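J.: Numbering (the numbering used here), first residue to last: -12 to 310. We treat Cβ as the ideally placed atom computed from N, Cα and C, and that holds for glycine. Remember, predicted model here, so these are calculated numbers, not experimental data.
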Ligand code: AMP
């Protein structure tokens, strides 16, 4: 079943052992939504584990109670009645947390990615929602669960993160309505803006200048592409989390329709981020490399070294953009 409204009380959550998990490389929406649901369920259930499988980016360490999230290894032998999987289109993107699925009796998949594979026993997937946080807001309201200021702050951060501060066209009237309601529930919107947009390290700010002076353009100037090697990160003394803005700054240049950022993971693995600001569907492009996401923001992992990965992406873009 897809895009199902979930009645949490019919699932008898009060007496069950619950887990809430999300994808690798966590972002504001994945962490905001799992913390919001986790905090909301904590008040109503006997046992709940919020599990994050990767390190938490510095910029998101302000999220209320984020330090109560646990690591998969600490819960490895636990069995769960229900596992809520949030903001994850594909089980493979759960990283180590994927192990929890085999130990869970029932899987509830709540997501907004158009590429979602409906892997849950119950699937509440709405690609029209700006963010998973937006869906979690509606879930809490539908189930009469109190939205505390901490829950509101987590959801607000998720919405701000996935809409690029209400800039992208996934921002609907409903998104603005929900953001307004969250402010009424005392979401700390200033705190969110500060941590997501106003607290760049100096190294990260300098890196921004470097990207703008060094990116390449392809396909007659319609595509901007930039490669982030491990050596470059070291040179600017920045981590990959500090510079997640790279794909948006090159996309936002006049005449650019698609932005591609390649990130070296190691000598055999490259992550790629795709962004579009026109009709070009980067979800379909990412799927050619085994990835996915949204029409205007998607990603993939290519199991080749970065130069080779760049050639592969470039070749595909030249075919697709010419069409
Ligand atoms: P990113 O470029 O990593 O910020 O990701 C942009 C969007 O694509 C996010 O919604 C991700 O969930 C999705 N995405 C990134 N990498 C993958 C992947 N390997 N497989 C499926 N979806 C992905």
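Does the beta carbon of residue 77 fall short of 7 angstroms from some heavy atom of the ligand AMP?
T.: Within the cutoff, so yes.
J.: Where in the stretch 195 to 268 do unbroken runs of the alpha helix (DSSP H), each at least 4 residues long, occur, reported from the N-terminal end onward?
T.: 217 to 223 and 233 to 238, all fully within the stretch 195 to 268.
J.: What residue range does the alpha helix (DSSP H) around residue 311 cover?
T.: Here the chain has residues from -12 to 310 only, and residue 311 is not among them.
J.: Using only the alpha-carbon positions, how far apart do residue -12 and residue 95 sit?
T.: A caution first: residue -12 carries a pLDDT of 46, below 50, which makes its placement in the model too unreliable to give a value.
J.: Please return the same chain residues whose Cβ sits closer than 6 angstroms to the Cβ of residue 263, not counting the five positions on each side in sequence.
T.: Closer than 6 angstroms at the Cβ level, and outside the excluded window around residue 263, lie 245, 269 and 283.
J.: Please list the terminal residues of the continuous alpha helix (DSSP H) segment that includes residue 163.
T.: First-last of the alpha helix (DSSP H) with residue 163: 160 to 171.
J.: If you draw a straight line from the alpha carbon of residue 219 to that of residue 133, how long is it in whole angstroms?
T.: Going by the C-alpha atoms only, they are around 46 angstroms apart.
J.: Between the stretch 18 to 35 and the stretch 155 to 172, do three or more beta carbon pairs fall short of 8 angstroms?
T.: No, the stretch 18 to 35 is not in contact with the stretch 155 to 172.
J.: What is the DSSP secondary structure of residue -12, reduced to helix, strand or coil?
T.: No answer about residue -12 holds up, because its pLDDT of 46 lies below 50 and its placement is not dependable.
J.: Determine the burial state of residue 293: buried for a count of at least 16 other Cβ atoms within 10 Å of its Cβ, exposed for fewer.
T.: Buried is the call here.
J.: Using CA atoms only, rank isn't needed, just tell me which of 213, 300 and 18 is closest to residue 230.
T.: Of 213, 300 and 18, the residue nearest in Cα terms is 213.
J.: Give every residue of the same chain whose Cβ lies closer than 7 angstroms to the Cβ of residue 137, excluding the five residues on either side of it in the sequence, and list them in chain order.
T.: Cβ within range, chain order: 26, 51 and 52.
J.: Measuring only from the beta carbon, is residue 288 closer than 7 angstroms to any heavy atom that is part of the ligand AMP?
T.: Flag set: Cβ of residue 288 near the ligand AMP.
J.: With a threshold of 16 other CB atoms inside 10 Å of the CB of residue 255, please say whether the residue is buried or exposed.
T.: Counting Cβ neighbours within 10 Å, residue 255 comes out exposed, since fewer than 16 surround it.
J.: Look up residue 73 in the DSSP assignment and say whether it is helix, strand or coil.
T.: Looking at residue 73 - three-state DSSP - the assignment turns out to be strand.
J.: By Cβ distance, which residues of its chain are closer than 6 angstroms to residue -1, with the 5 residues on each side in sequence left out?
T.: Excluding sequence neighbours, residue -1 sits near nothing in its chain.
J.: From 46, 236 and 207, pick the residue whose C-alpha is nearest to that of residue 188; which is it?
T.: That would be 46, whose Cα lies nearest to the Cα of residue 188.
J.: How is residue 182 classed by DSSP in three states: helix, strand or coil?
T.: Three-state DSSP puts residue 182 in a helix.
J.: When you compare each of 54, 14 and 84 to residue 7 by their alpha carbons, which one comes out closest?
T.: Of the candidates 54, 14 and 84, the one whose C-alpha sits nearest the C-alpha of residue 7 is 84.
J.: Could you spell out the range, first to last residue, of the alpha helix (DSSP H) harbouring residue 141?
T.: Here the alpha helix (DSSP H) through residue 141 covers 136 to 149.
J.: Per DSSP, what kind of secondary structure is residue 155 in: helix, strand or coil?
T.: Reduced to three states, the DSSP call for residue 155 is coil.
J.: Who are the near neighbours of residue 202 in its chain, counting only those whose CB is closer than 7 angstroms to its CB and skipping five residues on each side?
T.: So the list reads 211, 212, 213 and 237, once near-sequence residues are dropped.
J.: Following a CB-centred definition, is residue 145 positioned closer than 7 angstroms to any heavy atom of the ligand AMP?
T.: False, no ligand heavy atom lies under 7 angstroms from that Cβ.
J.: Is residue 80 near the ligand AMP, in the sense that its beta carbon is under 7 angstroms from a heavy atom of that ligand?
T.: Correct: residue 80 has its Cβ closer than 7 angstroms to the ligand AMP.
J.: Quick one: what's residue 175 bridged to in DSSP?
T.: In the DSSP output, where bridge partners are listed per residue, residue 175 has none listed.
J.: Need the endpoints of the alpha helix (DSSP H) that residue 301 sits in, please.
T.: Taken as a continuous stretch (DSSP letters only), the alpha helix (DSSP H) holding residue 301 covers 293 to 309.
J.: Who does residue 37 pair with in a DSSP beta bridge?
T.: Partner(s): 7.
J.: Report the CB separation of residue 68 from residue 92 in whole angstroms; it is logged as a contact under 8 angstroms.
T.: About 5 angstroms separates the two Cβ atoms, so the contact holds.
J.: Taking 7 angstroms as the cut-off, is the CB of residue 103 close to at least one heavy atom of the ligand AMP?
T.: Result no, Cβ not under 7 angstroms from the ligand AMP.
J.: Round the Cβ separation of residue 22 and residue 141 to the nearest angstrom and send it over; I've been treating them as touching at under 8 angstroms.
T.: About 4 angstroms separates the two Cβ atoms, so the contact holds.
J.: Check whether the Cβ of residue 12 sits closer than 7 angstroms to any heavy atom of the ligand MG, and report yes or no.
T.: Absence of the ligand MG is noted for the structure shown, with the ligand AMP being the only ligands found.
J.: How many whole angstroms separate the CB atoms of residue 20 and residue 74, which I take to be in contact at a CB cut-off of 8 angstroms?
T.: Indeed, because the Cβ distance is near 6 angstroms, the residues count as touching under 8 angstroms.
J.: Excluding sequence positions up to five away, which residues of its chain have a Cβ less than 7 angstroms from the Cβ of residue 286?
T.: Closer than 7 angstroms at the Cβ level, and outside the excluded window around residue 286, lie 258, 259, 260, 261, 273, 278 and 280.
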